Amino acid sequence: LLSFEVQKAKDGNLQHIVGVVTNHAARQFFNVKLEFELTRKDGKTGDLATDTIRNLAPHASVTFKASVIGTAPVASAKLAKLEGEKE
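Position 11 of the sequence shown, counted from 1, bears residue number 297 in our numbering, the numbering being contiguous throughout.
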């Protein structure tokens with residue numbers, strides 16, 4: 287289960303995709319990669335925001351913060367990839 291939102295820094299133009307990922311499995315995962323496809327307010331697509339969680343324990347939730355490269359405002363983000371290595 288994954289929930290997230292686009293957040294803009296209080297000062298400047300920095301943006302992040304921030305949310306929580308939960309491991310519902312009984313197994314631990316390592317190097318969990320989250321990749322988001324971005325749509326800019328001008329309609330441009332193709333940009334990505336990524337983050338990696340080194341250790342996602344069984345039945346645990348972890349907060350992530352994927353940095354958005356560039357200053358053009360993000361209109362929406364869509365999860366494109368969520369993968370990790372099993373223990």
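A virtual CB, placed ideally from N, CA and C, is assigned to each residue, including glycine.
Since this is a predicted model, take the numbers as computed values, not measurements.
Self-check item: C-alpha gap between T325 and L334, whole angstroms
Solution: Position 39 of the sequence shown holds residue 325. Position 48 of the sequence shown holds residue 334. Between T325 and L334, the C-alpha separation is close to 9 angstroms.
Quiz item: Okay, do the segment 308 to 316 and the segment 352 to 368 touch, 3+ Cβ pairs below 8 angstroms being the bar?
Solution: no
Self-check item: Run of the beta strand (DSSP E) containing Q301, from where it starts to where it stops
Solution: On the sequence shown, residue 301 is found 15 positions in, with the first residue counted as 1. Residues Q301 to T308.
Quiz item: Can you tell which of A295, I303, E291 and V292 has its C-alpha closest to the C-alpha of K351?
Solution: By 1-based counting over the sequence shown, the position of residue 351 is 65. Of the listed residues, the one whose Cα sits closest to K351 is I303.
Quiz item: Hey, out of T336, G370, A346 and A343, whose CA is closest to V241's CA?
Solution: An answer regarding residue 241 cannot be provided, because it is not within the stretch 287 to 373 covered by the chain.
Exercise. Measure how close the beta-carbons of E323 and K296 come, nearest whole angstrom, since I'm counting them as under 8 angstroms.
Key: As a first step, residue 323 must be located in the sequence shown, where it is residue number 37. As a first step, residue 296 must be located in the sequence shown, where it is residue number 10. About 26 angstroms separates the two Cβ atoms, so there is no contact after all.
Quiz item: Hey, how far is the Cα of G305 from the Cα of K294?
Solution: Here the question's residue 305 lines up with position 19 in the sequence shown. Here the question's residue 294 lines up with position 8 in the sequence shown. Distance between the alpha carbons of G305 and K294: 13 angstroms.
Quiz item: T357 lies in the beta strand (DSSP E); which residues open and close that run?
Solution: Numbered from its first residue, the sequence shown carries residue 357 at position 71. Neither: T357 is in no beta strand (DSSP E) and is coded neither H nor E.
Quiz prompt | Neighbourhood of A366 by C-beta distance below 8 angstroms, restricted to the same chain and skipping five residues each side | solution = Locating residue 366 in the sequence shown gives position 80, where the first residue counts as 1. Around A366: E321, F322, E323 and L334.
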